[in-house]
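Remarks on the structure that follows.
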Amino acid sequence: MGRLIAVQEPIKAEQGKKNCWEFKKCGREPGGAKAEELGVCPVTIHAELDSAHGGSNAGRACWVVAGSLCGGTIQGTFAQKLHNCWNCDFMKAVKQEEEPSAYGFSHTRLGMERTIEKEKASANSSFDSVTPVQPAQVRK
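Terminal number for the sequence shown in the numbering used here: 1046, no gaps in between.
Listed below in structure tokens is the structure:
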């Protein structure tokens, strides 16, 4: 039997931030111009890294997804492709945008997963600290 994998349709990244398929205009996202002909890139449906660096799925973390399709070539494992990724204009742009942010830039999957956990914990604690508003008392 096969493994069940969560798939999330790609959406836009945070405002002002582009996912790799938007930046590179590869058309390999689900429903994209080249998806039927060349197949869907695994980055576009890799839900485990959704929100990493403000992207959709692994859209701003493509360098950590094994088997990503860049430049028309399957890139292989993280270790095999990272050298090429350091020279990529998209990875350089994400690094430049994210380094000054609250959580910074991470080039590793573990670093991004930890950042996602911190962001979720921060959002939950902010929500928990909100004081509920009591309805106004009705005067008789």
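Every residue gets a Cβ at the ideal spot worked out from N, C-alpha and C, and that includes glycine.
Values in this document were obtained by computation on a predicted structure and should not be read as measured data.
ask   = Mind checking K987: buried by the 16 CB within 10 Å criterion, or exposed?
value = With 16 or more Cβ atoms within 10 Å of its Cβ, K987 is classed as buried.
ask   = In the structure shown, what three-state DSSP assignment does C976 receive?
value = The answer is strand: DSSP assigns C976 an E or B state.
ask   = Out of A985, I980, W969, which has the shortest C-alpha to C-alpha gap to A999?
value = Just measuring C-alpha positions, the residue of A985, I980, W969 sitting nearest A999 is W969.
ask   = E954: which of G1017, L944, K930, H989 sits nearest, CA to CA?
value = Across the set G1017, L944, K930, H989, the C-alpha of G1017 shows the shortest separation from the C-alpha of E954.
request  = Note down the Cα distance separating T950 from D995, rounded to an integer number of angstroms.
outcome  = T950 and D995: Cα-Cα distance of roughly 18 Å.
request  = Note down the Cα distance separating E928 from N1030, rounded to an integer number of angstroms.
outcome  = Cα to Cα, the separation comes out at about 30 Å.
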